[in-house]
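**Student:**
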Amino acid sequence: MQKERQKNRAQRQQYLKYLLTFRPQQSTNRKQSAAEMTDIIYDTDGSYLPSVSTLPSYLKCRECLLLMVPLLSPGVVAGQTKGKAQTVESTSLGSHVYNSLIAWFMSLAKPSSCSAEDSVTNSAPFCVTGLQQFWKNDSLVLYICAVPPEETRSPRANLRWKNMKRGWTSFGQRVSKFLAQTQLRTVASWLPELNHLLELQTHPAIVSLPSSRLDCFVSISPDKEAVRKTFGANPGFYWQTLNNQEQICQWAEARSSQQPHTEVVLALVYQTLFHNPLATHHTLQLLFSSGLDVCGLRFTYPSKELLANCAVLGRSGQRWLSQQPLLAMAIRGSYARALWQEITGPSDPMLARRTDPASINALHCHSQERTLFHSPRLASLVHMGLCVWFGGRLPNNDHRMTAKVQSSSDNRDTASSPAMLCATVKADVFLLVSPVVPPCCYSYVLASCAKKGFQLMGLQRVQISNMRASSLGLNTEQMSTFCHASMVSIDEALLEPFSHCLVLLLRRENAFRHSANLPTGLMNELALQGLVGLLRTRLPGSVHLKSDLCFHAVPYMEELFNFLGHNMWTIPDFSPVVLSKHRYPSCSEAEQIVILTLTGHNIMEKGMSLLHKVLSGNHAGGVGEDRFELLALKWLPTLSWQQAQELSPFEVSERQWRSSVVSLVSSPALVCAIRRPQAFSKMQRLLPQDYPGDLSVLMSTTPEMAFRQATLFFTETQMIPDHSSRIMFKFLPPPNIGSAGQSLFSYMTEGSQPLLTLALFKPGVWGHYLGKILSKIQQNKFTIVGLHMLVLNSKMANTLMNVSENQALINGKHPCEPSERDSEFKYLTSGPVLALCLQRVNAVKRLLELLGPEDPAQARTEDLHVWRASYGTDRLHNGIYGSVSYQQAVQDVKLMFPEGLCCTETLIMKHEQIPCLRSDPVASLERQQSHTITNSAKNKLLQSLMEKSELIRVVAGSSVRSALCQTTCLIMPSCVLQLSRPPLHLDLLQRLLSSGCHVVAGRLCSLDQTQITQLSLLLMPTSTGQEPLLCEGPCLVLALQMDNIVTCFDLILERRMICRDMPDFENVRKMLLYPSTEPDAMKLLCYLFDVLSPDSHHSIVP
129 MQKERQKNRA QRQQYLKYLL TFRPQQSTNR KQSAAEMTDI IYDTDGSYLP SVSTLPSYLK
189 CRECLLLMVP LLSPGVVAGQ TKGKAQTVES TSLGSHVYNS LIAWFMSLAK PSSCSAEDSV
249 TNSAPFCVTG LQQFWKNDSL VLYICAVPPE ETRSPRANLR WKNMKRGWTS FGQRVSKFLA
309 QTQLRTVASW LPELNHLLEL QTHPAIVSLP SSRLDCFVSI SPDKEAVRKT FGANPGFYWQ
369 TLNNQEQICQ WAEARSSQQP HTEVVLALVY QTLFHNPLAT HHTLQLLFSS GLDVCGLRFT
429 YPSKELLANC AVLGRSGQRW LSQQPLLAMA IRGSYARALW QEITGPSDPM LARRTDPASI
489 NALHCHSQER TLFHSPRLAS LVHMGLCVWF GGRLPNNDHR MTAKVQSSSD NRDTASSPAM
549 LCATVKADVF LLVSPVVPPC CYSYVLASCA KKGFQLMGLQ RVQISNMRAS SLGLNTEQMS
609 TFCHASMVSI DEALLEPFSH CLVLLLRREN AFRHSANLPT GLMNELALQG LVGLLRTRLP
669 GSVHLKSDLC FHAVPYMEEL FNFLGHNMWT IPDFSPVVLS KHRYPSCSEA EQIVILTLTG
729 HNIMEKGMSL LHKVLSGNHA GGVGEDRFEL LALKWLPTLS WQQAQELSPF EVSERQWRSS
789 VVSLVSSPAL VCAIRRPQAF SKMQRLLPQD YPGDLSVLMS TTPEMAFRQA TLFFTETQMI
849 PDHSSRIMFK FLPPPNIGSA GQSLFSYMTE GSQPLLTLAL FKPGVWGHYL GKILSKIQQN
909 KFTIVGLHML VLNSKMANTL MNVSENQALI NGKHPCEPSE RDSEFKYLTS GPVLALCLQR
969 VNAVKRLLEL LGPEDPAQAR TEDLHVWRAS YGTDRLHNGI YGSVSYQQAV QDVKLMFPEG
1029 LCCTETLIMK HEQIPCLRSD PVASLERQQS HTITNSAKNK LLQSLMEKSE LIRVVAGSSV
1089 RSALCQTTCL IMPSCVLQLS RPPLHLDLLQ RLLSSGCHVV AGRLCSLDQT QITQLSLLLM
1149 PTSTGQEPLL CEGPCLVLAL QMDNIVTCFD LILERRMICR DMPDFENVRK MLLYPSTEPD
1209 AMKLLCYLFD VLSPDSHHSI VP
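Sequential numbering from 129 applies to the sequence shown in the numbering used here.
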């Protein structure tokens, strides 16, 4: 006995090998390869079980009709579109019709007998006793066996059956009349309730049916033999891969962005489900929305013998069925098992309602004892189940089986063999992503497409004109988003975002059918990630956000490819870049560009999680401030040897270099150019701990490598910034100004241009700390290009207060009360302020970081080293004002320095019309000759400030008001200001201020040659030999007050031991210019200044 079993087992394995030799290797029209995961439908046990009955036994004595529903592909009814060009919309409509018809037909199915009162939907004149989806004679058809309700049979039924060949019976006429007069919408009475269930999603895929009548989709064959031939045919052992009208791009290489994850699931649907048309339709609709196909469908009547020997059902299923009919359904698609489990939920309805409230079991199952379906999970049981319910049968111990197998598997005509399981060829579609979807969402778009079974074949960004839009099937409303970018408000500034659409070339089986649901699925994914709010900000307020305004699928056609895809895989001509010719002045505080490359066949699995963090930031929902801006991206099906060499993270001398290059050449790659401040350090923190590991993630680690890789993969036109996604947008010039108008390649080699900002030290906080303040500024790499000590007038004070109030409103704080505004106005105009115009890369943002929060108490809590923590006491007296944005900085600089700045003109300054000083507008020889210095009658302002405020840190003593008080002029020429670090001249100035000096006037100025000559003549009596120190360039001039500061300045330096601590101070002192007599001091003061501070002991008068 055992030897006999071993012999049978060996013979069955031999049959399998024989069947494999005739397995179809091509599609039905032999133009494409057979689909993946289409194994032989043969099992050494299941293929020898009793055959599956597809009609009930009582049908032999019943009149019946064969109804036929032609299909374009699995899950798509042909209907009125048969023979016409397919579109995404018509295919979607055909899918809805298919789901509705299946739900309706199965609601009419009865296990043993029918009666008219049991008919479920809209008094249909027939019951359904058989249904199966069958490929035969080069067409895929859904076959239905219809019988009259039991009570309509009459004694003359046999007579009418005999006369059937001469004409239709009354039953056939009733069915034909019903199909011709009844709309599909009428029989699908559950449709409103279904749409209500679907509306639980954020962006539901509403089911809509055509107004067509049923006979547009269902035809009748009155031949009873046709029923028996159709439902009695023995299925074959092969899948068939069907062709349709869909096209494939021949230019796209067959390298996939992900491993094939096509799976097949077997679902045995019980009466509890298929007698409920709402539940059936809901299940089919969720399959459709999830990107799954019904590749096999068969209504069966399993025998006791079959159930007893079938391990697929399990013990509980065998006991429960007890010869009850069931609907066998084969489901095919990417990640089909996981998606099917999401759709169905736990088998326990109570548990399903808690964990998966939108699942089928939660909504339609009412008892765990009456389950809706059974699905084996083990791959071996799934394969066996497919063979049992959809495969052919072989008799045991038949030595002539080889001939039978050969005849049924004729190699010359495998495409015509009947098949119960069908796949479709792969086809391509273009997915257009409108500018409403910002680049930070692209990673979620790519990942969602992959989850729905679409393979990425190529991508690029294009601008679509109105003329092109019509050829793409875009309606007028869609043109407003796909062709014209709407204005976006960012920090109260209107900005027109980039108007480029992202075009994806996607490939999958049954592409037309599933691309129809792709826009809705993508919108639900973005809603799940908390990104829908970001999309709404990119639409005009009157426009309602809809999926078709964000995504649009178009079937692939050659004429469209010339416009949408001709540059998808284009790369620049490779020419080695001589790195030594460029400087790459990359500043970490400015924006840096990094090239990130994802490689391997599982990019969509491993790489997308990293790309999510890069483009959206490590933020739970929405986008974070740590995100990167996407400049360019490119999909390459393969890497060339040169590209792999550039991407390899190893040096040529390292052992791993060659193996890494070989590995990279054999894999596809997604290359991204991204930008943000501190890009290199931020990106390195996001890399895997074992970087470079398996080479699935690579980055350019230096600015030089980034530039070289950028020029290798992208052209300048492909580098498209999205300014609305820049985290530093408010601190940078608008597009097309200065460095913002540079090409990105020039930016990488030349660096960003310096920007301007204003720092204004308020009354009473800077007088004794001027040296320290200027030192701190230089230590933070700022260049002082404007310095002015002044008392604010009403216009200036109101302007600064308005800026502060607007910023408070933006931050969600309440506006100031009128009394608070009056107090702030009095404070700002109460004494002299120090206005500094500062220049450096990223000047605006860096200054705000140094200043800290506007509330000094909060600043001291967060960081004691920020400036407001040192110079402020409360929110009103916060010490320092800083420009809050680039635009505000330009206005502030023009307000405080209308004459211009002491620096070389930049492109930004030229565009903003900020002049550069070529001469000092204040220095005047005429005033020097007509004005003089006198003692102030009484310093009322100083006295009132000292009495009312403890914040005013000025020298209050007899030294200021004494008869010995003198005012001198200290000039720090350009050669002193340009000294290397540390800035000893500022240390010297601070020591002077700490020793009792008081600054009563000061500014940064540029002297022309005439003014240099005039100033040299004024200094000649005391500065012989120092004339060469006066040269063109900025110089700092200060008016200082102190007892005997004019006559004893040198002695003051010696007596206070200012220059004894460090010998280098003496060298600095020799370069300083100052008068040694009071007359010379008076002349210099009248020449260089037109007014002194209100708290000065002296004043300039005519």
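C-beta atoms are modelled at their ideal positions from N, C-alpha and C, and glycine is treated no differently.
1) With a cut-off of 8 Å on the beta carbons, I'd call SER462 and ASN645 a contact; round off their distance for me.
2) Quick check on the burial criterion: 16 or more other C-beta atoms within 10 angstroms. Buried or exposed for GLN907?
3) Going along the chain, which residues of its own chain have a beta-carbon closer than 7 Å to the beta-carbon of GLN373, five neighbours each way excluded?
4) Do you know offhand how far CYS715's Cα is from LEU872's?
5) Going residue by residue through the region 321–373, where are the continuous beta strand (DSSP E) segments of at least 3 residues, counting only ones entirely within it?
6) So, helix, strand or coil for MET847, using DSSP?
7) Shortest alpha-carbon distance to ASP1223 belongs to which of GLU1194, LEU1200, HIS1126, SER643?
8) Can you tell which of SER201, ASN695, GLN967 has the C-alpha that lies nearest to the C-alpha of LEU886?
9) My assumption, with CB atoms under 8 Å, is that ASN362 sits in contact with ARG521. Please give the rounded CB distance.
10) Restricting to runs no shorter than 4 residues, where is the alpha helix (DSSP H) found entirely within the region 656–681?
11) Taking 8 Å as the CB-CB limit, is SER1052 close to chain B?
12) Taking a contact to mean a Cβ-Cβ separation below 8 Å, would you say ALA490 touches GLY473 in this structure?
13) Would you kindly work out how many angstroms separate the C-alpha atoms of LEU312 and PHE402, rounded to a whole number?
14) According to DSSP, which residues form a beta bridge with SER181?
15) With which residues is GLY1130 paired in a DSSP beta bridge?
16) Check this for me: beta carbons of ASP1116 and PHE1193, under 8 Å apart or not?
17) With distance defined between alpha-carbon atoms, name the residue in ALA380, PRO276, GLN368, GLN413 nearest to GLU327.
18) How far does the beta strand (DSSP E) with VAL561 in it extend, from its first residue to its last?
19) Run the proximity test for ILE721: is its beta-carbon closer than 7 Å to any non-hydrogen atom belonging to the ligand NAP?
20) Looking at the unbroken alpha helix (DSSP H) that takes in PRO477, where does it start and where does it end?
21) State the beta-bridge partners of MET457 as determined by DSSP.
22) Between VAL722 and SER880, which are expected to be in contact by the criterion C-beta below 8 Å, what is the C-beta distance as a whole number of angstroms?
23) Between the alpha carbons of ASP1020 and LEU630, how many angstroms are there, rounded?
24) Which two residues bound the contiguous beta strand (DSSP E) that contains MET196?
25) Thinking C-beta only, is LEU337 closer than 8 Å to VAL225?
26) Quickly, what does DSSP pair SER1093 with across the bridge? List them, please.
27) Considering only their Cβ atoms, is the gap separating VAL1165 from LEU1216 smaller than 8 Å?
28) Tell me, which residues are paired with GLN1015 by DSSP?
29) Do MET924 and LEU1023 have their CB atoms nearer than 8 Å?
30) Less than 8 Å between the beta carbons of CYS1214 and ILE1061, yes or no?
31) Excluding the five sequence neighbours on either side, which residues of its own chain have a C-beta within less than 6 Å of the C-beta of LEU798, listed in chain order?
32) Just to confirm, are SER475 and LEU394 a CB contact at a threshold of 8 Å?
33) Can VAL1012 and LEU976 be called in contact, C-beta distance under 8 Å?
34) Between which residues of its own chain and ASP676 is the CB-CB distance below 7 Å, once the five residues before and five after are set aside?
35) Tell me the residue span of the beta strand (DSSP E) that contains TYR1009.
36) Please state whether DSSP places GLY174 in a helix, a strand or coil.
**Tutor:** Well, looking at it:
1) As a first step, residue 462 is located in the sequence shown; it is residue number 334 there, counting from the start. As a first step, residue 645 is located in the sequence shown; it is residue number 517 there, counting from the start. At roughly 14 Å, the Cβ-Cβ gap does not stay under 8 Å, so SER462 and ASN645 are not in contact.
2) For the purposes of this step, residue 907 is identified with residue 779 of the sequence shown, where counting begins at 1. By the 10 Å Cβ count, GLN907 comes out exposed.
3) The residue given as residue 373 occupies position 245 in the sequence shown. Hits under 7 Å: ALA213, GLN214.
4) What you label residue 715 is simply residue 587 of the sequence shown in a count that begins at 1. What you label residue 872 is simply residue 744 of the sequence shown in a count that begins at 1. Rounded to whole angstroms, CYS715 to LEU872 spans 15 Å at the Cα level.
5) 347–349, 368–370
6) Within the sequence shown, the letter at position 719 stands for residue 847. Here MET847 sits in coil by DSSP.
7) Position 1095 of the sequence shown, counting from 1, holds the residue named residue 1223. Checked all of GLU1194, LEU1200, HIS1126, SER643; the closest Cα to ASP1223 is HIS1126.
8) The residue labelled residue 886 in the question sits at position 758 within the sequence shown. Closest by alpha carbon: GLN967.
9) Position 234 of the sequence shown, counted from the first residue, corresponds to residue 362. Position 393 of the sequence shown, counted from the first residue, corresponds to residue 521. The pair is a contact, with the Cβ atoms about 6 Å apart (cut-off 8 Å).
10) Entirely contained in the region 656–681, the alpha helix (DSSP H) runs reaching 4 residues are, in chain order, 660–664.
11) Absent from the structure: chain B. Only one protein chain is present.
12) Residue mapping note: residue 490 aligns to position 362 of the sequence shown, counting from 1. Residue mapping note: residue 473 aligns to position 345 of the sequence shown, counting from 1. In this structure, GLY473 lies closer than 8 Å to ALA490 by Cβ.
13) Here residue 312 refers to the residue found at position 184 of the sequence shown. Here residue 402 refers to the residue found at position 274 of the sequence shown. A direct Cα-Cα distance of roughly 18 Å separates LEU312 from PHE402.
14) As a first step, residue 181 must be located in the sequence shown, where it is residue number 53. Paired residues: TYR429.
15) Within the sequence shown, numbered from 1, the residue matching residue 1130 stands at position 1002. DSSP output for GLY1130 lists LEU1166 as bridge partner(s).
16) Within the sequence shown, numbered from 1, the residue matching residue 1116 stands at position 988. Within the sequence shown, numbered from 1, the residue matching residue 1193 stands at position 1065. Just to set this straight, residue 1116 is Leu in the shown sequence, not Asp. Their beta carbons are under 8 Å apart, which means LEU1116 touches PHE1193 by this criterion.
17) Walking along the sequence shown from the start, residue 327 turns up at place 199. If we check each option's Cα against that of GLU327, GLN413 comes out closest.
18) If you number the sequence shown from 1, residue 561 lands on position 433. That run of the beta strand (DSSP E) goes 554–561.
19) Inclusion of the ligand NAP in the displayed structure is not the case, the ligand content being empty and no account of it being possible.
20) Here residue 477 refers to the residue found at position 349 of the sequence shown. Note, PRO477: alpha helix (DSSP H), 477–483.
21) The count along the sequence shown starts at 1 and reaches residue 457 at position 329. DSSP, once it has assigned bridges, lists ALA395, LEU425 as partnering MET457.
22) Reading the sequence shown from its first residue, position 594 is the one you call residue 722. Reading the sequence shown from its first residue, position 752 is the one you call residue 880. That pair is no contact at about 15 Å.
23) Taking the sequence shown and counting its residues from 1, the one referred to as residue 1020 is at position 892. Taking the sequence shown and counting its residues from 1, the one referred to as residue 630 is at position 502. Going by the C-alpha atoms only, they are around 40 Å apart.
24) Within the sequence shown, numbered from 1, the residue matching residue 196 stands at position 68. It spans 193–201 - the beta strand (DSSP E) in which MET196 sits, taken as one unbroken run.
25) For the purposes of this step, residue 225 is identified with residue 97 of the sequence shown, where counting begins at 1. For the purposes of this step, residue 337 is identified with residue 209 of the sequence shown, where counting begins at 1. For VAL225 and LEU337, yes; Cβs fall inside 8 Å.
26) By one-based count along the sequence shown, residue 1093 stands at place 965. The sequence shown places Cys at residue 1093, not Ser. Beta-bridge pairing links CYS1093 to ASP1171.
27) Indexing the sequence shown from 1 puts residue 1216 at position 1088. Indexing the sequence shown from 1 puts residue 1165 at position 1037. Judged by their CB atoms, LEU1216 and VAL1165 are nearer to each other than the 8 Å cut-off.
28) Counting from one through the sequence shown, the residue named residue 1015 turns up at place 887. Per DSSP, none; premise fails for GLN1015.
29) Translated into the one-based positions of the sequence shown, residue 924 becomes position 796. Translated into the one-based positions of the sequence shown, residue 1023 becomes position 895. Yes, the pair counts as a contact, with Cβ atoms nearer than the cut-off.
30) One-based indexing of the sequence shown puts residue 1214 at position 1086. One-based indexing of the sequence shown puts residue 1061 at position 933. Cβ distance < 8 Å, so CYS1214 and ILE1061 count as in contact.
31) In the sequence shown, counting from the first residue as 1, residue 798 sits at position 670. Cβ within range, chain order: LEU726, ILE731, TRP763.
32) Within the sequence shown, the letter at position 347 stands for residue 475. Within the sequence shown, the letter at position 266 stands for residue 394. Cβ distance not < 8 Å, so SER475 and LEU394 don't count as in contact.
33) Numbered from 1 along the sequence shown, position 884 holds the residue referred to as residue 1012. Numbered from 1 along the sequence shown, position 848 holds the residue referred to as residue 976. It is a contact, given that the beta carbons lie within the stated cut-off.
34) As a position in the sequence shown, residue 676 is number 548, starting the count at 1. Closer than 7 Å at the Cβ level, and outside the excluded window around ASP676, lie GLN606, PRO647.
35) Within the sequence shown, the letter at position 881 stands for residue 1009. Boundaries of the beta strand (DSSP E) around TYR1009: 1008–1010.
36) As a position in the sequence shown, residue 174 is number 46, starting the count at 1. Three-state result, GLY174: helix.
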